[in-house]
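Asks: First, the structure itself, so that you have it in front of you.
Number of protein chains: 2
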Amino acid sequence: MTGDERREQILQTAVDLFSRKGFKGTTTKEIAAAAGVSEAMVFRHFATKDDLYAAILDAKACIDGTHMFPWEGNDLLLKAVAEKDDFGVFYNIALAAMNKHHEDVPFMRLLFYSALEEHELAERFFQEFISQVYKFIGGYIAERQKDGAIRELDPRIAVRSFVGMMIHHSLNNILWDKKRVILDMTNEEAAANFARILLNGIRSQDVNN
Amino acid sequence: MTGDERREQILQTAVDLFSRKGFKGTTTKEIAAAAGVSEAMVFRHFATKDDLYAAILDAKACIDGTHMFPWEGNDLLLKAVAEKDDFGVFYNIALAAMNKHHEDVPFMRLLFYSALEEHELAERFFQEFISQVYKFIGGYIAERQKDGAIRELDPRIAVRSFVGMMIHHSLNNILWDKKRVILDMTNEEAAANFARILLNGIRSQDVNN
DNA sequence: GTCTATATGACGATAGAC
DNA sequence: GTCTATCGTCATATAGAC
Chain A
15 MTGDERREQI LQTAVDLFSR KGFKGTTTKE IAAAAGVSEA MVFRHFATKD
65 DLYAAILDAK ACIDGTHMFP WEGNDLLLKA VAEKDDFGVF YNIALAAMNK
115 HHEDVPFMRL LFYSALEEHE LAERFFQEFI SQVYKFIGGY IAERQKDGAI
165 RELDPRIAVR SFVGMMIHHS LNNILWDKKR VILDMTNEEA AANFARILLN
215 GIRSQDVNN
Chain B
15 MTGDERREQI LQTAVDLFSR KGFKGTTTKE IAAAAGVSEA MVFRHFATKD
65 DLYAAILDAK ACIDGTHMFP WEGNDLLLKA VAEKDDFGVF YNIALAAMNK
115 HHEDVPFMRL LFYSALEEHE LAERFFQEFI SQVYKFIGGY IAERQKDGAI
165 RELDPRIAVR SFVGMMIHHS LNNILWDKKR VILDMTNEEA AANFARILLN
215 GIRSQDVNN
């Protein structure tokens, strides 16, 4: 195996273990064993355990960065935005986001560990990612407010409500209710429900207006 | 200091440190130093580090258990339920929950660490707590559906949406946006917004019906 | 009830042979 | 590029004096 291949293999193994047991909870010995090499090999490719962790976040943020946001390469969503199809917009955002969470559970777990452990790189990741999400969804809401389709409210609280539904649903499936005992529902069903609840919740024809 | 007092003090110190740095990330030496005693004292009161962790979860689940749920001792909420004041119900649930999160940030962090680390006791805590919440809020929604005030939908997805808003908001303030750069809002404002969005989102007069 | 001192093992990291 | 062997450190946990 070449150096780059081995490096990538160790990195993937580390992602898996860190995501399951946390940074402190994973030993370099375990990583080496799981990757089928000696511990010395791990330190040949990554000078310290911290370097290994940093390399993981960098790889995820940069390499996977091409599809980091739910709207990137999502034609259905972009079409819905262009056509001002409100349901289509929120449905496709939610579906793309939750599918992504489901596909990359290890990375989601890693991010939560990072958030709790307050790693620098993780903090930067969140700040950038979240503010982009608020800009995209909040921008769309603001536009639809100008059109008179959505009632007056701080777009950010609408975004927070909607993001909360998606994240919490994914979090439930990843962390607390993996067997989906409390609520078993496809991502499509959930996305449709979330989109409808949010849209009716913030549309102009508000009985309290 | 008596044995029980000392035990309680060590326990509180451990809660603080575990919540900030995780179980594996905290050493017994640190706990001892922070409590102002020798390491031997920690092991006098708790045979192992794991025992200390278990004692924390037990104490939280049992002692604080009297006010574990947002509706316990919440007269405003119970009155709103009795009067079928929908806004009052959801507003007071959200406000009580988010205030509780805000008051006990260490415990919230501890719970997240536990969820990630998949400790047995934490798993039980979540299962019991979450199912009670779904029973309470979901039960109210089902009742209001019979009254014709809320449209047909699985009450559980409505609960998930609403709980998602609250939890995600608290999570933001605790983990990612502590300085509240992205969205600075009092719990009262947030609760009012969440309640209104959910209620309009699930009420009978649905434009899509 | 509290301490100092220490046993025992695991951890991250390195040296040097092949 | 990969290994075995090992170093120094720090972790949990214990023994025994006061």
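Going line by line, the protein sequences match chains A and B.
Taking this note's numbering, I'd label the letters of the first sequence as residues 15 to 223.
Taking this note's numbering, I'd label the letters of the second sequence as residues 15 to 223.
Note that beta-carbon positions come from the ideal geometry of N, C-alpha and C, so glycine has one too.
Roughly how many angstroms lie between the CA atoms of residue 127 (chain B) and residue 130 (chain A), to the nearest whole one?
Replies: Residue 127 (chain B) sits at position 113 when you count from the first residue of the second sequence. Residue 130 (chain A) sits at position 116 when you count from the first residue of the first sequence. Distance between the alpha carbons of residue 127 (chain B) and residue 130 (chain A): 7 Å.
Asks: Report the three-state DSSP secondary structure of residue 174 (chain B) (helix, strand or coil).
Replies: Within the second sequence, the letter at position 160 stands for residue 174 (chain B). In this structure, residue 174 (chain B) counts as helix in the three-state DSSP scheme.
Asks: Would you mind sorting residue 218 (chain B) into buried or exposed? The rule is 16 or more other CB atoms within 10 Å of its CB.
Replies: Here residue 218 (chain B) refers to the residue found at position 204 of the second sequence. Exposed, since its Cβ has fewer than 16 Cβ neighbours within 10 Å.
Asks: Please return the same chain residues whose Cβ sits closer than 8 Å to the Cβ of residue 56 (chain A), not counting the five positions on each side in sequence.
Replies: By 1-based counting over the first sequence, the position of residue 56 (chain A) is 42. Only 24, 42, 45, 46, 49, 66 meet the Cβ criterion.
Asks: Name the chain A residues that come within less than 9 Å of residue 207 (chain B), Cβ to Cβ?
Replies: For the purposes of this step, residue 207 (chain B) is identified with residue 193 of the second sequence, where counting begins at 1. Near residue 207 (chain B) (Cβ distances below 9 Å), the residues of chain A are 167, 168, 171, 172, 174, 175.
Asks: Leaving out five residues before and five after residue 27 (chain B) in sequence, what residues of the same chain have Cβ atoms less than 8 Å from its Cβ?
Replies: On the second sequence, position 13 is the one that residue 27 (chain B) refers to. Taken in chain order, the residues that qualify are 45, 48, 49.
Asks: Determine the chain B residues that contact residue 123 (chain A) at a beta-carbon separation under 9 Å, and present them in chain order.
Replies: Counting from one through the first sequence, the residue named residue 123 (chain A) turns up at place 109. In chain order: 130.
Asks: For residue 15 (chain B), count the other beta carbons within 10 Å of its own beta carbon; 16 or more makes it buried, fewer makes it exposed. Which is it?
Replies: Sequence index remark: in the second sequence, residue 15 (chain B) carries index 1 (1-based). So residue 15 (chain B) counts as exposed.
Asks: With a CB to CB cut of under 8 Å and the five nearest residues on each side skipped, what residues in its chain are close to residue 73 (chain A)?
Replies: Residue mapping note: residue 73 (chain A) aligns to position 59 of the first sequence, counting from 1. Around residue 73 (chain A): 25.
Asks: How long is the line joining the alpha carbons of residue 6 (chain A) and residue 91 (chain A), rounded to whole angstroms?
Replies: Here chain A has residues from 15 to 223 only, and residue 6 (chain A) is not among them.
Asks: What residues in its chain sit with their C-beta under 7 Å from that of residue 59 (chain A), if we drop five residues either side in the sequence?
Replies: Translated into positions along the first sequence, residue 59 (chain A) becomes position 45. Around residue 59 (chain A): 20, 21, 24.
Asks: Secondary structure at residue 165 (chain A), three-state DSSP: helix, strand or coil?
Replies: Taking the first residue of the first sequence as 1, we reach residue 165 (chain A) at position 151. Three-state result, residue 165 (chain A): coil.
Asks: Report the residue from A:196, A:214, A:202 whose alpha carbon sits nearest the alpha carbon of residue 108 (chain A).
Replies: Counted from its first residue, the first sequence places residue 108 (chain A) at position 94. The option with the nearest alpha carbon to residue 108 (chain A) is A:202.
Asks: Note down the Cα distance separating residue 205 (chain A) from residue 180 (chain A), rounded to an integer number of angstroms.
Replies: Walking along the first sequence from the start, residue 205 (chain A) turns up at place 191. Walking along the first sequence from the start, residue 180 (chain A) turns up at place 166. Cα-Cα distance, rounded: 8 Å.
Asks: Should residue 215 (chain B) go down as buried or exposed, given a rule of 16 or more other Cβ atoms within 10 Å for buried?
Replies: As a first step, residue 215 (chain B) must be located in the second sequence, where it is residue number 201. Label assigned to residue 215 (chain B): buried.
Asks: Taking C-beta pairs closer than 9 Å, name the residues in chain A that residue 181 (chain B) reaches, listed in chain order.
Replies: By one-based count along the second sequence, residue 181 (chain B) stands at place 167. Going along chain A in sequence order, the residues near residue 181 (chain B) (Cβ under 9 Å) are 178, 181, 182, 185.
Asks: Cβ of residue 43 (chain A) less than 9 Å from any chain B Cβ?
Replies: Position 29 of the first sequence, counting from 1, holds the residue named residue 43 (chain A). So no, residue 43 (chain A) is outside the interface.
Asks: Here's the rule I'm using: 16 or more other beta-carbon atoms within 10 Å means buried, otherwise exposed. How should residue 223 (chain A) be labelled?
Replies: As a working note, residue 223 (chain A) is residue 209 in the first sequence. Any reading at residue 223 (chain A) is ruled out, since the residue's pLDDT is 43, under 50, leaving its predicted position unreliable.
Asks: Could you tell me which chain B residues have their CB closer than 9 Å to the CB of residue 199 (chain A), listed as they occur along the chain?
Replies: By 1-based counting over the first sequence, the position of residue 199 (chain A) is 185. 168, 170, 171, 174, listed in chain order.
Asks: So, is the C-beta of residue 191 (chain B) closer than 9 Å to a C-beta in chain A?
Replies: Sequence index remark: in the second sequence, residue 191 (chain B) carries index 177 (1-based). For residue 191 (chain B), the answer is yes, since a Cβ of chain A falls inside 9 Å of its Cβ.
Asks: Is it right to say residue 87 (chain A) is buried, meaning 16 or more other beta carbons lie within 10 angstroms of its own, or is it exposed?
Replies: Residue 87 (chain A) sits at position 73 when you count from the first residue of the first sequence. Residue burial annotation: residue 87 (chain A) is exposed, with fewer than 16 other C-beta atoms found within 10 angstroms of its C-beta.
Asks: Kindly indicate which residue of B:118, B:99, B:194 has the alpha-carbon position closest to the one of residue 29 (chain B).
Replies: The count along the second sequence starts at 1 and reaches residue 29 (chain B) at position 15. Here the closest residue by C-alpha is B:118.
Asks: Terminal residues of the continuous alpha helix (DSSP H) containing residue 52 (chain B)?
Replies: The residue labelled residue 52 (chain B) in the question sits at position 38 within the second sequence. From DSSP, residue 52 (chain B) is part of no alpha helix (DSSP H); its letter is neither H nor E.
Asks: Relative to chain A, which residues along the region 90 to 116 of chain B have a C-beta separation below 9 Å, given in chain order?
Replies: Residues are counted here when their Cβ sits less than 9 Å from a Cβ of chain A; for the region 90 to 116 of chain B these are 101, given in chain order.
Asks: State the Cα-Cα distance for the pair residue 139 (chain B) and residue 69 (chain B), rounded to the nearest angstrom.
Replies: Within the second sequence, residue 139 (chain B) is the residue found at index 125, counting from 1. Within the second sequence, residue 69 (chain B) is the residue found at index 55, counting from 1. For residue 139 (chain B) and residue 69 (chain B), the distance between alpha carbons rounds to 13 Å.
Asks: Check each candidate in B:61, B:114, B:54, B:152 and name the one with the smallest Cα separation from residue 100 (chain B).
Replies: Taking the first residue of the second sequence as position 1, residue 100 (chain B) is located at position 86. Residue 100 (chain B) has its Cα closest to that of B:152, out of B:61, B:114, B:54, B:152.
Asks: Taking the alpha helix (DSSP H) that residue 116 (chain A) falls in, what are its first and last residues?
Replies: The sequence position of residue 116 (chain A) within the first sequence is 102, counting from 1. It spans 100 to 117 - the alpha helix (DSSP H) in which residue 116 (chain A) sits, taken as one unbroken run.
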